[in-house]
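Respectively, the protein sequence lines represent chains A and B. Each residue of the first sequence is one higher than the one before, starting from 3 at the first, in this note's numbering. Each residue of the second sequence is one higher than the one before, starting from 3 at the first, in this note's numbering. Backbone N, C-alpha and C fix where the C-beta goes; we use that ideal spot for every residue, glycine too. Accompanying notes for the structure given below.
There are 2 protein chains.
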Amino acid sequence: MASKSQVSLSVVRRLPRYYRFLSELKRAGRDRISSRELAKIMGLTASQIRQDLNCFGGFGQQGYGYNVTLLREQIENILGLDDKISTIIIGVGNLGRAVAAHMDFEKRGFVLTGLFDNDVDIIGKFVSGVVIQSMDSLEKFCEENKPTTAILCIPKTVAKGVCDKLISLGIKCFWNFSHYDLSVDNPDLIVENVHLSDSLMTLGYRIKENNK
Amino acid sequence: MASKSQVSLSVVRRLPRYYRFLSELKRAGRDRISSRELAKIMGLTASQIRQDLNCFGGFGQQGYGYNVTLLREQIENILGLDDKISTIIIGVGNLGRAVAAHMDFEKRGFVLTGLFDNDVDIIGKFVSGVVIQSMDSLEKFCEENKPTTAILCIPKTVAKGVCDKLISLGIKCFWNFSHYDLSVDNPDLIVENVHLSDSLMTLGYRIKENNK
DNA sequence: TCTATACTGTCAATTATTTAACAAACTTGT
DNA sequence: ACAAGTTTGTTAAATAATTGACAGTATAGA
Numbered sequence: 003m004a005s006k007s008q009v010s011l012s013v014v015r016r017l018p019r020y021y022r023f024l025s026e027l028k029r030a031g032r033d034r035i036s037s038r039e040l041a042k043i044m045g046l047t048a049s050q051i052r053q054d055l056n057c058f059g060g061f062g063q064q065g066y067g068y069n070v071t072l073l074r075e076q077i078e079n080i081l082g083l084d085d086k087i088s089t090i091i092i093g094v095g096n097l098g099r100a101v102a103a104h105m106d107f108e109k110r111g112f113v114l115t116g117l118f119d120n121d122v123d124i125i126g127k128f129v130s131g132v133v134i135q136s137m138d139s140l141e142k143f144c145e146e147n148k149p150t151t152a153i154l155c156i157p158k159t160v161a162k163g164v165c166d167k168l169i170s171l172g173i174k175c176f177w178n179f180s181h182y183d184l185s186v187d188n189p190d191l192i193v194e195n196v197h198l199s200d201s202l203m204t205l206g207y208r209i210k211e212n213n214k
Numbered sequence: 003m004a005s006k007s008q009v010s011l012s013v014v015r016r017l018p019r020y021y022r023f024l025s026e027l028k029r030a031g032r033d034r035i036s037s038r039e040l041a042k043i044m045g046l047t048a049s050q051i052r053q054d055l056n057c058f059g060g061f062g063q064q065g066y067g068y069n070v071t072l073l074r075e076q077i078e079n080i081l082g083l084d085d086k087i088s089t090i091i092i093g094v095g096n097l098g099r100a101v102a103a104h105m106d107f108e109k110r111g112f113v114l115t116g117l118f119d120n121d122v123d124i125i126g127k128f129v130s131g132v133v134i135q136s137m138d139s140l141e142k143f144c145e146e147n148k149p150t151t152a153i154l155c156i157p158k159t160v161a162k163g164v165c166d167k168l169i170s171l172g173i174k175c176f177w178n179f180s181h182y183d184l185s186v187d188n189p190d191l192i193v194e195n196v197h198l199s200d201s202l203m204t205l206g207y208r209i210k211e212n213n214k
C-alpha cells in the first residue's frame with residue numbers, strides 16, 4: 003500500500019486528455035491512429051505521446067500505429083474509470099450544484115453518495131438523484147457509508163474546520179474548490195485543488211502580457 | 003504588442019497563490035516575512051520563492067525579508083488586479099451561474115459586462131447584477147461593447163460553433179469550462195482551459211495509485 | 001560603534017521534462 | 001515473397017524547472 007507512483011504527475015495529467023481525444027476519434031469511426039497524427043490533432047509532439055503511453059506499456063505497433071478502441075480502453079483501465087469511489091459533496095450552493103449535475107461521476111470512476119449543506123431551505127431537496135442532508139448528519143453518514151472522498155464547495159472561512167472534521171471521519175481524498183490551501187502540512191492526504199480564481203488571475207496576467 | 007513573456011508559465015501560475023497567502027498574512031497583521039517562513043507556510047522551498055519573485059524585481063531586503071503589504075501590492079500590480087477587462091459569460095446554467103456569482107471579477111482584474119444563453123426561461127433574469135440576454139443579441143452587443151474575453155460555460159457539442167462566432171466578433175481571450183479543447187490550432191488566442199472532469203479523473207488515478 | 005545573526009539576490013548544480021534520432025518491426029502494394 | 005514506406009519503442013540530447021550554495025548587505029543587540 004501507498005507505493006509511490008513511478009509515473010510523473012505531468013504524464014498522468016495528460017491521460018484524461020488523451021482519453022477525450024480517443025473517444026472523439028472512436029465516435030468518428032476511426033480504427034487506427036499514429037502518434038504523428040494524434041500529435042497534430044492535439045497540439046503535442048509525437049515523441050511526447052509515445053513517451054507518455056510507454057509509461058504504461060507498449061500499446062502500439064510498428065508500421066501500424068495505435069488501435070483507437072484498444073488504446074482508449076487501456077487508458078480507461080489505467081484511469082480506473084469503471085471504479086466506484088464513494089464520494090460526498092460538502093456545500094450545495096451554485097458551485098456544488100453545478101459539480102453534482104455536470105460531472106457524470108459514474109463515467110469518471112466515482113459514485114456520488116451524499117450531499118451536505120447547512121442551508122435549511124435546500125435540505126431535503128434532491129440534486130442528481132441524491133438528497134441534500136444537514137451537516138449534522140455528516141458524522142453518522144460517514145460511519146455508516148464510509149465515503150473516501152469529499153468534494154469541497156464551501157467558502158474559505160469554514161474550509162479549515164470542515165476539512166479537519168472530514169479527516170477525523172476517515173476521509174483522505176479531496177477535490178477542493180474552496181479558496182483555501184489544503185494539505186500543505188498533511189502529506190497523507192490526496193488533494194486535487196481547483197482554484198478557479200487563481201486560474202482567472204493567470205488568464206488576466208497573460209492577456210496584459212500579450213498586449214504589451 | 004504581443005511581445006513574448008520572459009517569465010515562465012510555471013512561475014506565473016504561482017503568483018495568485020503568493021497573493022493569496024500574502025493577503026492572509028496581511029489580514030493577520032504581519033509586517034514582514036522571510037522567504038524561509040513563507041516557504042514553510044506554503045509548502046515550497048525558500049529558494050523557489052526568491053527565484054520566482056526575482057523574475058519581477060528585488061522586492062526584499064537582506065537581513066529583513068519582505069514587507070508583506072508592499073510585496074502583496076507588487077504582485078497585485080503584476081497580476082493587474084485593478085484592471086477592468088470586459089468579459090462576457092456564454093451559458094448561464096448551473097456552472098455559468100456559479101462562476102458569475104462566485105468570482106468577484108472586480109477583484110481579479112475583470113468586469114462582467116454580459117450574460118448570454120439560449121434558454122427562454124432565464125433570458126431577462128439578472129445574475130450578479132447583469133441581465134441574461136439571448137444569444138441572438140450577441141453580435142450587436144459585441145459590436146457596441148467590444149468585450150475582449152469570453153467565459154465558456156456551454157456543452158461540448160456547441161462549443162466549436164460558439165467559439166468560432168466569438169472569434170469572428172473580435173474576442174481572442176477565453177476562460178473555457180467546456181469539455182472541448184480550444185486553441186489547438188489557433189496560436190493567436192489566449193486560452194485558460196478549466197477541464198473539471200480531467201481534474202477529477204486525475205484525482206481518481208492518484209487515489210487508486212495510492213491504494214496499491 | 002561593533003559583532004553576531006539573518007536574509008536576499010544570484011549563480012551554479014541538480015533534477016525533471018520534452019524533443020530528437022534511429023534501429024527494429026510491421027504494413028502495403030506489386 | 002519482396003521492396004518500399006510507416007511507425008513504434010527506446011535511447012540519447014536538449015531544454016526547462018527546481019534546489020542548493022554563498023557573497024554581500026542589512027538588522028539587531030550589546
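Below-8 Å beta-carbon distance, residue i vs any chain B residue
i, result
"arginine 15 (chain A)", "yes"
"isoleucine 51 (chain A)", "no"
"isoleucine 209 (chain A)", "yes"
"phenylalanine 118 (chain A)", "no"
"leucine 198 (chain A)", "yes"
"cysteine 175 (chain A)", "yes"
Through-space distance from residue j to residue i, alpha-carbon basis
i, j, result
"isoleucine 87 (chain A)", "isoleucine 192 (chain A)", "13 Å"
"tyrosine 20 (chain B)", "valine 14 (chain B)", "10 Å"
"aspartate 123 (chain A)", "leucine 24 (chain B)", "36 Å"
"histidine 197 (chain A)", "phenylalanine 179 (chain A)", "6 Å"
"phenylalanine 176 (chain B)", "glycine 163 (chain B)", "14 Å"
"glutamine 76 (chain A)", "leucine 55 (chain B)", "42 Å"
"glycine 126 (chain B)", "histidine 104 (chain B)", "20 Å"
"methionine 203 (chain A)", "serine 37 (chain A)", "34 Å"
"serine 12 (chain A)", "glutamate 146 (chain B)", "43 Å"
"glutamine 1 (chain A)", "asparagine 212 (chain B)", "This structure gives no information on residue 1 (chain A), because the portion of chain A shown stretches from 3 to 214."
"phenylalanine 107 (chain A)", "threonine 150 (chain B)", "34 Å"
"serine 201 (chain B)", "glutamate 78 (chain A)", "15 Å"
"isoleucine 169 (chain B)", "proline 189 (chain B)", "12 Å"
"serine 49 (chain B)", "aspartate 166 (chain A)", "30 Å"
"lysine 109 (chain B)", "glycine 65 (chain B)", "33 Å"
"serine 199 (chain A)", "lysine 214 (chain B)", "34 Å"
"leucine 184 (chain B)", "lysine 148 (chain B)", "21 Å"
Contact list for residue i against chain B, beta-carbon separation under 7 Å
i, result
"glutamate 194 (chain A)", "Ser201, Thr204, Leu205"
"cysteine 57 (chain A)", "Simply none; closest approach about 12 Å."
CB contact check: residue i to chain A, cutoff 8 Å
i, result
"proline 149 (chain B)", "no"
"glycine 82 (chain B)", "yes"
"asparagine 212 (chain B)", "yes"
"glycine 111 (chain B)", "yes"
Contact set for residue i: own chain, Cβ-Cβ below 8 Å, skip 5 residues either direction
i, result
"lysine 28 (chain B)", "Val70, Thr71, Arg74"
"threonine 47 (chain B)", "Ala41"
"cysteine 155 (chain B)", "Ile91, Ile92, Gly93, Val94, Gly95, Leu97, Gly98, Val101, Phe179, Ser180"
"isoleucine 51 (chain B)", "Tyr20, Ser37, Leu40, Ala41, Met44"
"valine 2 (chain B)", "Given a span of 3 to 214 for chain B in the structure shown, any question on residue 2 (chain B) remains unanswerable."
Proximal residues of chain B, C-beta to C-beta of residue i below 9 Å
i, result
"alanine 96 (chain A)", "Residue identity differs from the one stated: residue 96 (chain A) is asparagine in this sequence, not alanine. By Cβ distance, chain B contributes Asn96, Leu97, Arg99, Ala100, Val101, Ala102, Ala103, His104."
Contacting residues, own chain, Cβ-Cβ under 7 Å from residue i (five flanking each side not counted)
i, result
"isoleucine 35 (chain B)", "Leu27, Gly67, Tyr68, Val70"
"alanine 161 (chain B)", "Leu154, Ser180, Tyr182"
"arginine 16 (chain A)", "Asp54"
"lysine 2 (chain B)", "Given that chain B is displayed from residue 3 to residue 214, the structure contains no residue 2 (chain B) and the question cannot be resolved."
Buried or exposed (CB count within 10 angstroms, at least 16 for buried), residue i
i, result
"glycine 111 (chain B)", "buried"
"glutamate 194 (chain A)", "buried"
"serine 10 (chain A)", "exposed"
"phenylalanine 128 (chain B)", "exposed"
"glycine 172 (chain B)", "exposed"
"glycine 62 (chain B)", "buried"
"alanine 30 (chain A)", "exposed"
"proline 18 (chain B)", "buried"
"glycine 206 (chain A)", "buried"
"glycine 82 (chain A)", "buried"
"serine 5 (chain B)", "Its pLDDT being 49, under 50, serine 5 (chain B) is placed unreliably in this model, and the coordinates cannot settle the point."
Chain-ordered chain A contacts of residue i [CB-CB under 7 Å]
i, result
"isoleucine 87 (chain B)", "Gly206, Ile209"
Same chain only: Cβ atoms within 6 Å of residue i, ignoring 5 sequence neighbours per side
i, result
"phenylalanine 58 (chain A)", "Ile80"
"phenylalanine 143 (chain B)", "Gly116"
"methionine 137 (chain A)", "Phe118, Asn120"
"glutamine 135 (chain A)", "Phe118"
Chain-ordered chain A contacts of residue i [CB-CB under 8 Å]
i, result
"valine 186 (chain B)", "Ile43, Met44, Gly45"
"arginine 19 (chain B)", "Asp183, His197, Asp200"
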